[in-house]
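Everything on this sheet refers to the single structure shown next.
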Amino acid sequence: MHKRLIETSGGIDGIKNFALLDSAVNSIYQTFDGKELYPSLIEKAARLCFSLNKNHPFIDGNKRVSMHLLAVFLTFHDIDYKPTNQEVIKIGLSIADGTMTYDELLNWLKKIIKL
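Numbering (this note's numbering), first residue to last: 103 to 217.
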């Protein structure tokens with residue numbers, strides 16, 4: 103997915119840190135005291151997007167990949183997700199610059215998703 107996004111939108115292909123990529127992808131399965139920290143699909147989608155964006159595992163395109171994977175994850179699970187391009191850009195940048203938290207991303211998703 104990363105390679106394809108780089109091919110179509112530009113940038114440098116490649117993984118900068120495999121451990122950070124692994125951490126981001128597996129973050130949705132975290133548990134505490136035997137309970138999932140992100141039990142719903144919306145929580146998992148938000149955590150995956152947020153972790154990929156913040157962990158910065160790729161050389162380039164981390165924001166694009168995180169926002170695209172959010173859409174793919176939700177669509178795969180038949181969740182109606184149709185933000186505007188401007189929303190996607192704003193959210194991706196806000197996560198990256200630290201002005202949006204995971205909880206704020208989750209709340210935004212809950213507002214725009216029709217379950």
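Glycine is no exception: its CB is placed at the ideal position from the N, C-alpha and C atoms.
Alpha-carbon spacing of residue i relative to residue j, whole angstroms
i	j	result
residue 160	residue 198	13 Å
residue 143	residue 152	14 Å
residue 172	residue 183	9 Å
residue 112	residue 118	17 Å
residue 179	residue 165	22 Å
residue 195	residue 136	34 Å
residue 139	residue 131	8 Å
residue 205	residue 212	10 Å
residue 120	residue 163	15 Å
residue 192	residue 170	13 Å
residue 109	residue 115	8 Å
residue 190	residue 177	15 Å
Counterpart residues of residue i in DSSP-defined beta bridges
i	result
residue 182	216
residue 137	134
residue 117	160
Same chain, Cβ closer than 8 Å to residue i, five either side skipped, listed in chain order
i	result
residue 167	103, 104, 107, 154 and 160
residue 181	143, 144, 147, 215 and 217
Beta-carbon proximity list for residue i, same chain, < 6 Å, skipping 5 on both sides
i	result
residue 149	129, 130 and 140
residue 201	none
residue 158	164
Same chain, Cβ closer than 7 Å to residue i, five either side skipped, listed in chain order
i	result
residue 156	197
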